[in-house]
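Visitor: Got a structure for you, written out below as structure tokens; questions coming shortly.
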Amino acid sequence: MPHLSVKLYPGRSKEVKQDFANKLQDFVVKELGCEPNVVSVSFKEIEPDQWKKVIGDETTGEDYYIESDF
1 MPHLSVKLYP GRSKEVKQDF ANKLQDFVVK ELGCEPNVVS VSFKEIEPDQ
51 WKKVIGDETT GEDYYIESDF
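Residue numbers (the UniProt record's numbering): 1 to 70.
Here it is, written out as structure tokens:
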């Protein structure tokens with residue numbers, strides 16, 4: 001509890017993703033009041049031409065609080 005799954009276009013370095021994951025973890029710990037060891041973060045790179053299909057398929061049934069205009 002909780003897991004954050006980040007989907008993005010390819011091209012960011014492992015270091016950039018690690019830094020972002022650390023910042024997400026810090027934010028979740030602060031805002032939800034949980035311990036860092038229970039927060040996980042994963043990344044999935046999706047090619048731009050597959051974005052709408054993959055995101056549509058993978059997020060079916062999820063509650064959106066913010067939707068993008070892509």
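Cβ coordinates follow ideal geometry from the N, Cα and C atoms, glycine included.
The alpha helix (DSSP H) with Phe20 in it runs from where to where?
Guide: Looking at the DSSP string, the run of the alpha helix (DSSP H) that includes Phe20 is 14-32.
Visitor: Buried or exposed, going by whether 16 or more other CB atoms sit within 10 Å of the CB of Val38?
Guide: exposed
Visitor: Whose C-alpha, out of Gln50, Phe27, Ile46, is nearest the C-alpha of Ser40?
Guide: Relative to Ser40, the option among Gln50, Phe27, Ile46 whose CA is nearest is Phe27.
Visitor: For the beta strand (DSSP E) that Glu45 lies in, which residues bound it at each end?
Guide: 40-45
Visitor: For Pro36, collect the residues of the same chain with a Cβ closer than 7 angstroms to its Cβ; drop the 5 residues on either side in sequence, then sort them by chain order.
Guide: In the same chain as Pro36, and ignoring 5 residues on each side of it, the C-beta atoms closer than 7 angstroms to its own belong to Gln25, Val29, in chain order.
Visitor: DSSP beta-bridge partners for Lys7?
Guide: Lys44
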